[in-house]
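In our numbering, the protein residues as written are 11 to 587. Glycine is no exception: its CB is placed at the ideal position from the N, C-alpha and C atoms.
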Ligand code: ADP
C-alpha cells in the first residue's frame with residue numbers, strides 16, 4: 011500500500027514538474043517570439059538607417075559636386091574679369107580710371123574669397139581637408155598677407171603693425187596655404203570691423219613638445235568689438251553676430267568656422283577676447299615641424315663698432331610701434347631710449363646733449379611731424395653728425411613736399427621687418443659689410459622676361475582665350491590658339507610647341523583626353539610641358555590632371571605672376587633639352 015502511495019506521490023510530483031516545465035516553455039516561447047519580433051524591428055531599423063545614411067551620403071556627394079560645379083562656373087567668367095583688369099591696369103590710365111579699376115579688382119577678389127569660403131566649408135563639413143607638409147618660411151607668409159592687405163588698411167587710414175619674434179625659427183614644415191588663409195581671414199575681419207586706429211599682428215614662439223614647435227599668432231584691432239554674449243557664437247557655422255552689422259559689412263559668416271577647423275587640424279586652438287567699442291584680439295596657435303638646417307638669417311655680422319657703443323633714440327607717438335621697435339632693438343642688443351611724446355624727446359636732447367648716433371623718428375606725430383623734429387634736431391650743433399631715419403606709413407611720394415634728403419639719411423616705410431630696421435641703422439652708420447647689406451631690402455621683381463618659346467593656348471571660351479593671349483603675350487611673342495583638345499593635338503603634331511596651356515573642360519575633346527593622346531605620340535613631341543589651366547580648383551581636379559600626365563596646374567582666375575613664374579621654369583627646362 012505504502013509503495014502504491016509513494017508511486018502516486020511521485021507521479022503527482024512529476025506531473026507538477028511537468029506543468030512547471032510547460033509553463034517555463036510557454037514563457038520561453040513568448041520570450042523567443044518577442045525577441046524575434048524585436049529582431050525584426052531592429053533589422054527594419056537597420057535597413058532604414060542604412061538607407062538614410064546612403065541618402066545623406068548621396069546628398070553630401072551631390073552637394074559637394076554641386077559646389078564644385080558652381081565654383082567652376084563662377085571661376086570661368088571671373089578669369090575674364092580678373093585677367094582683363096590686370097591687363098588694363100598695365101596700360102596708361104587716368105587716376106579716375108585706375109580708381110575704378112581698383113574697385114572692380116577688389117570686388118572680384120571679394121567674390122573669390124566667397125567662393126573659396128563656401129567650397130572650404132563644404133570640405134570641412136565632409137571632413138575632407140588634408141593638410142600639406144612642405145617647407146616654408148613663417149615670416150614670408152606673414153609679410154605676404156600684410157603686404158596684400160596693407161593697401162586695403164591704408165585706404166581706410168588704418169596702420170598695420172607687425173611684429174615677428176626674431177628668435178623664432180623661420181623655416182618650418184606645414185601647410186602654408188592654410189596658415190595664410192587663417193591669417194588673411196583674421197586680418198580681413200580686423201580691417202573690416204575697425205573704423206580707425208591700428209591693427210597689430212604678432213608672431214611669437216611657444217613651447218616645444220614631441221619635436222613640434224608651437225607658433226602663436228595674434229591679430230589685435232582697435233575696432234567695434236564684439237559683445238560678450240556673442241563671443242561663443244562666433245565660431246558656429248553661418249553665424250554673424252549681428253545682422254545689421256552683416257548688412258553693413260558683408261561676409262558669409264564662415265570665415266571663423268573654417269579658421270577654427272584648420273587651426274585644430276594643425277594641433278592648435280583659436281581664441282578671442284573682445285570689448286565693445288575697444289576692439290578684439292584673435293589668437294591662434296599651430297604646431298609645426300622645425301627645419302633645423304635653415305636658421306634665421308636676419309643677423310648682422312662684422313659690425314666694426316661695438317654694438318654696445320651705438321646709441322639710438324626712438325620717437326613714435328604710437329605705443330604699439332614703440333613696443334615692436336623696442337623689441338627689435340633689444341633683440342639686436344642695441345642701446346636705445348624711446349619717447350612717445352616728441353616734445354619730451356626734444357627737450358631731453360636739448361638739456362642732456364647725450365651722444366646719439368641714430369634718431370628713429372616716426373613721421374606722423376601729433377605735436378611735430380618727424381621731419382620737422384629732424385630739422386629742429388639738426389639745428390643743434392651737438393647732433394649735426396647724428397643719423398636720422400624717418401619711419402612712415404605714408405610713402406615717400408606722399409610726403410615728397412616736406413621731405414628733405416639733406417637732413418634725412420634714410421626713409422623706411424612701415425610696417426617694418428626686423429632686418430629693414432636694423433640693417434638701415436647699420437648702413438646709415440656705414441657699418442655694414444657686403445654680405446649683410448644684401449639682406450637689407452627685398453628687390454621688387456619687375457615684370458617680365460620675354461621667353462623665346464612657341465606656346466599653344468587651348469580653351470573653348472573666347473574671353474578666356476583673349477585673356478591668356480594678352481597675359482602670356484606679355485612674356486612670349488609666339489602664341490597660337492586652339493578651341494578644343496582635338497584641334498590642339500593636330501596643331502601640336504604639325505607645329506611642335508614648347509609648352510601647351512590646356513583648359514580641362516572643353517567640347518569635342520577635353521583637356522585630359524587631349525593630354526593622354528599627346529603623351530602617346532612620338533617621344534620627341536610627346537613630352538611637351540602641359541599646363542592645366544582650369545577653373546576646377548579642387549584637390550581632386552588637380553590630382554586628376556597630374557595623373558593623366560599634365561605637368562603643372564594653374565587655377566583660374568590666374569595672375570600675371572603665376573604665368574611668369576611658370577615660364578621662367580619651363581624656359582630653363584627647354585634650354586637644357
Ligand atoms: P564673415 O565672412 O561674415 O566676416 P567670419 O566668420 O569671419 O565671417 O566672422 C563672423 C562674424 O564675427 C562677423 O560677421 C562679425 O560679426 C564678427 N567678427 C569677426 N571678426 C571681428 C572683429 N575683428 N571685430 C568685430 N567683429 C568681428
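Host alpha helix (DSSP H) of residue i (start-end)
i	result
residue 131	105–135
residue 433	428–438
residue 495	495–505
residue 157	148–165
residue 266	265–275
Cβ-based neighbour list, residue i, same chain, cut-off 6 Å, excluding 5 preceding and 5 following
i	result
residue 490	466
residue 163	170 and 201
residue 320	344 and 367
residue 210	171, 230 and 330
residue 78	548
residue 412	381
residue 581	461
residue 264	127 and 131
residue 96	570
residue 457	Residue placement at residue 457 cannot be trusted, given a pLDDT of 46 that sits under 50; what the coordinates show is reported in the next sentence. For residue 457, where only same-chain residues beyond five positions count, there are no Cβ hits under 6 Å.
residue 464	488, 507 and 508
residue 403	169 and 424
residue 545	82, 85, 86 and 566
Residue range of the beta strand (DSSP E) that includes residue i
i	result
residue 224	222–231
residue 563	562–565
residue 372	368–372
residue 543	540–544
residue 465	465–468
residue 402	397–402
residue 173	168–174
For residue i, three-class secondary structure by DSSP
i	result
residue 241	coil
residue 556	helix
residue 199	helix
residue 350	coil
residue 486	strand
residue 14	helix
residue 525	helix
residue 19	helix
residue 93	helix
residue 328	coil
residue 101	coil
residue 547	coil
residue 219	strand
residue 289	strand
residue 204	coil
residue 55	helix
residue 282	strand
residue 182	strand
residue 323	strand
residue 582	helix
residue 300	strand
residue 362	helix
residue 568	coil
residue 63	helix
residue 423	strand
Expected contact under 8 Å - CB spacing of residue i and residue j to nearest Å
i	j	result
residue 196	residue 152	Incorrect: roughly 12 Å between the Cβ atoms, too far for contact.
residue 510	residue 498	7 Å
residue 323	residue 294	At roughly 36 Å, the Cβ-Cβ gap does not stay under 8 Å, so residue 323 and residue 294 are not in contact.
residue 477	residue 93	3 Å
residue 335	residue 370	7 Å
Close Cβ partners of residue i (< 8 Å) along its chain, the five nearest in sequence each way excluded
i	result
residue 556	563
residue 434	399, 420, 422 and 450
residue 116	162
residue 317	342, 343 and 344
residue 386	356 and 378
Contacting residues, own chain, Cβ-Cβ under 7 Å from residue i (five flanking each side not counted)
i	result
residue 501	466, 490 and 492
residue 156	170, 172, 211 and 425
residue 68	none
residue 471	86
residue 275	139 and 141
residue 376	327
residue 454	With a pLDDT of only 31 at residue 454, under the threshold of 50, the placement of this residue in the model should not be trusted; the figure read from the coordinates follows. Hits under 7 Å: none found.
Chain D within 9 Å of residue i, Cβ atoms only
i	result
residue 179	Here there is only one protein chain, and chain D is not present.
request  = Kindly confirm or deny that the stretch 82–97 and the stretch 561–578 touch, where touching means at least three C-beta pairs closer than 8 Å.
outcome  = yes
message = Whether or not the stretch 328–335 and the stretch 283–296 are in contact is what I'm after, with contact meaning three or more pairs of Cβ atoms, one per stretch, closer than 8 Å; do they touch?
response = no
query = Using 8 Å as the Cβ pair cut-off and three pairs as the minimum, do the stretch 99–114 and the stretch 34–53 touch?
reply = no
ask   = Any chance the stretch 135–152 sits against the stretch 174–193, with 3 or more Cβ pairs inside 8 Å?
value = yes
ask   = Just checking, does the stretch 503–523 make contact with the stretch 535–550 on the three C-beta pairs under 8 Å criterion?
value = Short answer: they touch.
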